Structure formats: structure tokens, C-alpha cells
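**Q**
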């Protein structure tokens, strides 16, 4: 109980987990608490892209775009199971941005970020190319195809936390920081277990506030700091519909209001459409996609697609709140996506608060956060940059190796159907065999919950990835909720509640490390 951590982190989103991983890998002792499940806030409600942010060039965010473009290939190489290249079709819309401006933007996009592995931009004759068949005939004749990457956002967060824990970090989920105060040059963080109500006090030499939409609430819990920066909450909503076309490309559509939306092939049988941008005032935990936002996304997609999208086609929608730095921009779409740090040292004790950021740049954000804290931590200079070289759990393979891994799983476990093996390869990479164990038949994987989800996989997620509820499993650790019935999900929740003690024991006994 008298242990003093080098660093305590409040918030288990991508920024908090990224900082935890980097800090512990440099030799610091780290404690992280998250009041809900990992990635349960902003980090799991993204557009699922690791991208440079083409439209940010219009707002002269060149540093952010360049950093994000460099990070695309870095992240792809350390996590090739959950990140993959994705080609985007950008049709030229007469009356909106001129073709020369699109070409110039894409030229910059190709060249300012040191692209090595991803293919370059090319022009597309949409009137004759098969990629134009999904679009309204004769309306769009010219377009461009460019590269970005797709990411399983929630798994990126969980695997980052898993790696941090494997290296010695203490990760506590469903644990809320209820009070922070400094005593004799040390932060005292009182945390409360959300299930039992039990409280304890954690001590640390430095504190990171990665509360996301709740960043100001954390400061209000007794830090003795009057925040100078302000957070701007911006709501982004997405819809998922049944697959709209057969090819594997995504689309970037421009709207008359200056915004763009993405239309992305999703989970093999679906199409993801998003996002919206509007200011949000309310409890971030209660954000929901509004009927107006759903109608907007349907209308925006239907402006381009030969097959119109209607609100009744939506099989799932989700919404999140982005905690952007309030730079005074008049419109939500123009608010900076760059990250901003506020370092306070009340009584000489460091407290670093994080505003903004995006999934693509989370690793660089973590490096810069540790640079800011360097005077107060040990090991911040040693091994600098290591997180861009060390693979995330399951990612120790070549970027092109997923098909080979899928084939290997089918050879070693002949009872696996190809879609099941492919899903496991993409979710767990080289660690897929850990949850399959020595099974020689499907029956040996235990109870089948539906949509290829088995007891063996659920036990693995509970013991290794902090999953406690069906929602954790079917909407964050996977997206199997799109394929499972309400009754199947309820049965899974019941089973997990009944088996929690035994399934989570390895995680508890290791203090978050297995």
C-alpha cells in the first residue's frame, strides 16, 4: 500500500493506454484506472481509420497531417492484424471543390508523409471503371483513388493496454478516480471500484489526466488546478447498413456544406457510413445518434450512390463525443483535431492534461507527453521511439501475413471454417492459437454463443483483455453484435456473470498482467 508509482494515468482510452505503454517500456512504474471498460468512450466510436486527414489540409493543419501520414505505416507495421490498407475513391463533384484542388491536396497527401508501403494516388475514369458502377450513372465521371488504412479501434486500445500490462503496468478497469490531491510532493489518487464500492489511495510522482470528454471533471475532483484550456465536445455519429456494393474500396464523398463523409466496407457483410460533426452539450455517456444525423448521413450517401440509403436500412448506429481543444473555431467541423497539453505543477508536482487528439496520432501523442514529463520521470529519454518498432500483441508478423496465418489456423485446427479462422487471425494475430489451445474439435472450444463466438474465446477475453460483460465482447473486443440475436447476447451476458470469478482469476492474480 505504500508503493509510489512513477506515473498514474486517469483514462483508459487510446491516449491513456498509449502513454501507459510507452512509459512502462521506458522503465517507469505505471498505474492506470478507467471508470468503465477500456475504449468505452470516444476511442471505440471513431470512423475506424488510421488516416492523414485529407480535409485538414484545408485548415492548414500541415504538421498534424504530416505526423498522421507517417504514423499510418508505423501503426500498420506494429499491428498488421488489426490494421490494413484501404483504398479510397474520391469522386469529383461538379460545383464543389475543383478537380485541380483535389489533385493538389492528394499530391501533398502522397508526398509530405514519407509514404513507403502504401500505393500512390491515381486518377479514375468513373464513367468506365468498375469502381464507378456503385455511383449514380452519368453524374460522376472523374475521380481519384488514394490510400489510407482501416483499424479496429477498440482492439487497438485493448492491445495497447495488454502490452503495457505485459511490461509491468497496473491496469484497473471499472475503477473511478474520485479524488486527487497532493501531499508532500506526491499525488494521492483515491480510486473506487465501481462494482464493490471499495476505495483505496494510489500514490504517484506524476499524474496524467487522459479523461477525454471528462478531462475537466477530473481537474474538478480536487487537483488544485484552474484549467486554462477548455474542451469542446463535438458529436460524431455513424450508421451501419447491409453491404452496398461488391468491391473492397471505400468512398470519400464531399457535401455541399463543406463536410465529407466516408463509406467504408465493414465486417465483410456491411457498409459503415460516417461521420457527422456538431457541438454537443450534455453528458458524454448519454450521447446517441439523432434522427437528424441519421437522415443527414443517408442523404449524403444517396447524393452519390446508385442505390439510395434510407434510415430504415440502418442495422446499427453509434455515436461518440470527441473532446477537442476549444480553439474558438466557429464551426465544429473547423475545430482543430490536433492535440494540446496543459502541464500544471501545483506545489511542484506535475499534472499533465490532454485535450483533443485522434487515434492515428496516439503513439506520437504519448511520446510527446513523456517528453513534457521528462524532468519528473526516470527513463523518459531511454528507448525513445521504441513503441513504433515493437509489435502490439499478436502483431509480430509481416504486413502481408494474415492470409498465411488464416491458412495455418485451418491446418492446425481443421474444424475451423475459413470465415472463423480469418476472424480470429484479424482479431488476435499470432496469439489466436492461445485461445484455441489444444482443441481437436469444435466441441472442445466449449459452449457456442452464436456467430462463431465460443466459450474458449470468451474465457480468453475475460482472463487477458479485461472483458466483463457481453457488451465488452460483442461491441468492443469484436463486432459480433452485428450477427448475434438479442437472445444470444443476453445468454452470453448471463454466462459471463455466472463465470466471472473463475474466468478472470488469471488477470486478477497477476494484477492486470498475465
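Numbering (this note's numbering), first residue to last: 329 to 842. The beta-carbon is built from N, C-alpha and C at its ideal position, and this holds for glycine as well. Quick caveat, the model's predicted, so the values are computed rather than measured.
Rounded to a whole number of angstroms, what is the C-alpha to C-alpha distance between residue 392 and residue 437?
**A** Going from the Cα of residue 392 to the Cα of residue 437 covers about 12 angstroms.
**Q** Taking DSSP's pairing of strands, which residues face residue 924 in a bridge?
**A** Residue 924 is absent from the model: the chain starts at 329 and stops at 842.
**Q** What residue range is occupied by the uninterrupted alpha helix (DSSP H) comprising residue 404?
**A** Unbroken alpha helix (DSSP H) run through residue 404: 390-406.
**Q** With DSSP as the reference, label residue 832 as helix, strand or coil.
**A** Correct three-state label for residue 832: helix.
**Q** Hey, how far is the Cα of residue 503 from the Cα of residue 713?
**A** Looking at the two C-alpha atoms, the distance is approximately 30 angstroms.
**Q** Where does residue 387 sit, in a helix, a strand or coil, going by DSSP?
**A** Helix.
**Q** Quick one: Cα of residue 269 to Cα of residue 796, how far?
**A** Past the edges of the chain, shown from 329 to 842, lies residue 269, and the structure says nothing about it.
**Q** Quick check: the segment 399-406 against the segment 375-389, are there 3 or more CB pairs under 8 angstroms?
**A** The segment 399-406, when compared against the segment 375-389, does touch it at the 8 angstroms Cβ threshold.
**Q** Quick one, which of 386, 652, 717 has its alpha-carbon nearest residue 557's?
**A** Comparing Cα positions, the closest option is 652.
**Q** Answer with yes or no whether the minimum CB distance from residue 482 to chain B is below 9 angstroms.
**A** Protein chain content of the structure displayed is limited to a single chain, and chain B is not contained in it.
**Q** In chain order, what residues of the same chain have a beta carbon less than 6 angstroms from the beta carbon of residue 719, not counting five sequence neighbours either side?
**A** Here the set comprises 406.
**Q** Do you know whose CA, among 646, 586, 539, 679, lies nearest residue 703's CA?
**A** Minimum Cα distance to residue 703 is reached at 679.
**Q** Figure out for me which residue from 505, 511, 808, 706 has the closest Cα to the Cα of residue 542.
**A** The residue with the shortest Cα to Cα distance from residue 542 is 505.
**Q** Tell me which residues share the same chain as residue 753 and place their Cβ nearer than 8 angstroms to its Cβ, disregarding the 5 neighbours each side in the sequence.
**A** Counting only Cβ-Cβ distances below 8 angstroms, and skipping sequence neighbours, we find 409, 730, 733, 734, 737, 760.
**Q** Can you check whether the CB of residue 376 is closer than 9 angstroms to the CB of residue 843?
**A** Absent from the model: residue 843. The displayed extent of the chain is 329 to 842, so no value can be given.
**Q** Let me know if residue 640 comes out buried or exposed under the rule of 16 or more other beta-carbons within 10 Å of its beta-carbon.
**A** Answer is exposed; the Cβ neighbour count stays below 16.
**Q** What residues match up with residue 669 in a beta bridge as DSSP calls it?
**A** Bridge partners of residue 669: 682.
**Q** I want to know whether the segment 673-691 touches the segment 336-344 - three or more CB-CB distances under 8 angstroms.
**A** Yes, since at least three Cβ pairs between the segment 673-691 and the segment 336-344 fall closer than 8 angstroms, the two stretches touch.
**Q** Using only the alpha-carbon positions, how far apart do residue 897 and residue 833 sit?
**A** Given that the chain is displayed from residue 329 to residue 842, the structure contains no residue 897 and the question cannot be resolved.
**Q** Counting only the same chain and skipping the five closest in sequence on each side, list residues whose C-beta sits under 6 angstroms from that of residue 807.
**A** Excluding residues within five positions, the ones whose Cβ falls inside 6 angstroms are 595.
**Q** Let me know if residue 686 comes out buried or exposed under the rule of 16 or more other beta-carbons within 10 Å of its beta-carbon.
**A** The residue in question, residue 686, is buried, as its Cβ has 16 or more Cβ neighbours within 10 Å.
**Q** Alpha carbon to alpha carbon, how far is residue 616 from residue 647?
**A** When rounded, the distance between both Cα atoms is 5 angstroms.
**Q** On the criterion of 16 or more Cβ atoms from any shown chain inside 10 Å, does residue 333 qualify as buried, or is it exposed?
**A** Buried, by the Cβ-count rule.
**Q** So does the segment 440-448 actually touch the segment 518-535, counting three or more Cβ pairs closer than 8 angstroms?
**A** Verdict: no, contact absent.
**Q** To which residues of the same chain is residue 830 closer than 6 angstroms at the C-beta, ignoring the five residues directly before and after it?
**A** Answer for residue 830: no residue qualifies.
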